[in-house]
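Down below is the structure, laid out as structure tokens.
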Amino acid sequence: MVTYSFKKAERLSHKKIIQELFDKGSSFYLHPFKVLYLPQQNPEVKENRVLISVPKHNFKRAVDRNLIKRRFREGYRLNKSKIASPVFFSIAYIYTAKEILPSAIIHEKIILSLQRLNNSGRESNQKPM
RNA sequence: AAAGCAAACCGGCUUAUCGUGCUGGCGGGCAACCGUCGGUAAGGAAAGUCCGGGCAACACAGGGCACCGUACUUCCUAACGGGAAGGAGCUGACCGCAAGGUCAGCGACAGAUAGCGCCACAGAAAACAAACUACCCUGGCGGCAACGCCUGGGAAAAGGUGAAAAGGCGGGGUAAGAGCCCACCGUGCUGGCGGCGACGUCAGCAGCAUGGCAAACCUUACGGGUUGAAAGGUCAAAUAGGUCGCACUUCGAAAGACAUAGCGGCUCGUUAUGAGUUCACGCUGGUGCGAUUGGGUAGACUGCUCGAUCAUACAGGUGACUGUAUGGCCAGAUAAAUGAUAAGCUCCCUGGCGGUUUCGUCAGGUGACAGAACCCGGCUUACAGGUUUGCUUUUAUU
RNA sequence: AGGGUAAUGGAGGAGCCCGGUCGUCCUCGCCUGCCUUGGAAGCAGGAGUUCCCUGGUUCGAAUCCAGGUUACCCUA
Numbered sequence: 089m090v091t092y093s094f095k096k097a098e099r100l101s102h103k104k105i106i107q108e109l110f111d112k113g114s115s116f117y118l119h120p121f122k123v124l125y126l127p128q129q130n131p132e133v134k135e136n137r138v139l140i141s142v143p144k145h146n147f148k149r150a151v152d153r154n155l156i157k158r159r160f161r162e163g164y165r166l167n168k169s170k171i172a173s174p175v176f177f178s179i180a181y182i183y184t185a186k187e188i189l190p191s192a193i194i195h196e197k198i199i200l201s202l203q204r205l206n207n208s209g210r211e212s213n214q215k216p217m
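In structure tokens:
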């Protein structure tokens with residue numbers, strides 16, 4: 089059963105975890121995103137946690153920033169089942185494009201980024217073994 | 001009917017699938033939470049943060065100075081720099097021979113005889129006025145004369161300069177002139193009447209001595225305590241500390257391993273005094289675990305949404321607004337919910353076709369400005385399109 | 001959420017408080033000429049600015065007032 093929900097637990101909101109993610113996490117660029125990720129150490133966490141950030145510098149109006157965040161959340165919600173990694177990640181998406189992209193493109197890019205995450209997830213899982 | 005302007009109001013709708021925050025019922029779970037069925041979920045500006053108030057904490061004898069703000073009058077209001085009505089002024093239109101009147105619009109509209117200061121350039125002169133040209137008079141010289149030159153005086157009427165030239169216009173008067181005198185207008189003062197008042201109006205007096213700038217300083221009147229939900233309150237991990245207990249170890253023959261004060265490099269060391277123990281000298285430490293405690297960090301909860309509330313009706317008031325009655329509950333997020341996709345409808349625009357004023361139909365496009373963050377009242381700014389009302393213009397019909 | 005500062009030739013700055021001969025000045029840059037075999041330096045001359053925008057006050061605004069735009073900074 090594929091669930092399309094997007095609950096609070098799947099959102100990254102703890103200051104310390106975010107700080108750790110930005111300090112230690114790996115990253116890659118995939119237009120229009122910069123993606124940071126870090127395998128989670130806490131064994132109680134049973135799902136991936138994600139945050140989306142849209143710089144105020146690029147989008148002055150709050151309406152535009154909200155629109156991008158909503159399109160991202162929608163795309164992530166529909167495609168998150170494609171994550172097939174054995175470890176759970178903290179993920180940060182930073183929207184680096186200067187213009188507002190349509191939903192279809194954002195969704196497509198999210199799928200691509202999730203596939204790359206899967207690859208790095210297998211690697212990090214094999215290393216400690 | 002169309003176009004323009006102004007004001008007020010509105011600011012897409014429906015369905016399907018998936019999903020989000022808050023919340024009620026039921027079921028499951030120790031709990032966190034999960035499932036399910038319901039309810040509810042952004043704006044007219046939520047924006048800019050330009051004013052005002054509530055609320056909260058702290059401060060606070062009274063007065064003055066300084067600083068900041070406001071500025072026609074009366075009223076509305078919790079309050080305001082907001083609003084309403086009115087006054088005076090300016091602008092425009094219309095009516096009228098004119099005097100004037102009506103309508104609409106506009107504005108930070110106190111004081112320049114309280115003081116100090118500034119008024120570039122030009123111009124003779126720019127603020128206790130002033131004689132460049134032209135004007136008038138006296139005297140002298142030249143000349144037949146007209147007149148010219150020089151000296152002394154009168155005079156602000158004319159010229160030109162300037163943003164502004166010292167009340168305006170007309171008449172009298174004069175050598176020429178001058179509020180020097182007079183009428184009207186303007187200005188100032190006094191008084192009567194009307195108005196709560198700004199002010200209006202009438203009468204008298206003053207011959208005018210005293211331009212502008214206060215959005216320069218300033219004066220007068222009135223107002224202003226400071227800080228803002230990151231306020232404030234409650235609970236409270238971790239870490240270090242205080243106290244108590246236990247265990248181990250160290251010192252000592254034993255008691256026991258305490259108290260007070262000072263100093264320093266202040267979780268500790270050292271000095272002094274006391275107390276305990278010993279005849280006396282001397283001695284009066286440390287580690288670990290557990291319990292408890294004050295403050296309080298991370299974090300959580302609260303503040304947090306029922307209110308100067310909304311809708312309707314009636315009443316009062318020219319109006320802003322107020323009162324009464326009945327009914328309603330209308331976001332509470334916090335790395336920050338209110339969305340995505342699809343279809344249809346509707347509105348507007350463009351084009352084609354049929355009718356050819358309205359309209360119908362097909363295809364395509366478009367739907368703005370913009371996202372609550374403690375809450376209200378305003379102001380300002382942004383805005384596709386629509387509705388209503390008023391005014392103006394044009395066309396058609398009667 | 002609350003608060004502050006700034007905007008002037010191509011670049012940086014002064015001028016603003018207290019309005020006028022201010023689009024004035026300084027440093028660098030640019031252009032032309034001289035000098036040099038040539039270049040640099042130097043010398044002489046020149047061009048270039050809606051003083052962020054829109055209104056208002058005033059005779060007159062870079063300067064005073066109001067509203068707006070943009071940029072930067074501070075408060076956890």
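Take 89 as the starting number for the first sequence in my numbering and just add one per residue.
Backbone N, C-alpha and C fix where the C-beta goes; we use that ideal spot for every residue, glycine too.
Only a predicted model underlies this, so the values are computations on that prediction, with no experimental measurement involved.
As a beta-bridge residue in DSSP terms, I179 pairs with Y125, V138. For R158, the closest of V142, R210, S201, S115 by C-alpha to C-alpha distance is V142.
Following the DSSP letters along the chain, one finds Y117 inside the beta strand (DSSP E) bounded by residues 114 to 118. In this structure, I179 keeps its C-beta atom at 7 Å or more from the C-beta atom of V151.
Our two residues, S115 and Y125, have alpha carbons roughly 6 Å apart in a direct line. Taking I106 as reference, the option from N167, K186, I182, K170 with the minimal CA-CA separation is I182. Apart from sequence neighbours up to five positions away, the residues of its chain that approach R165 with a beta-carbon distance below 7 Å are Y92, F94, ordered along the chain.
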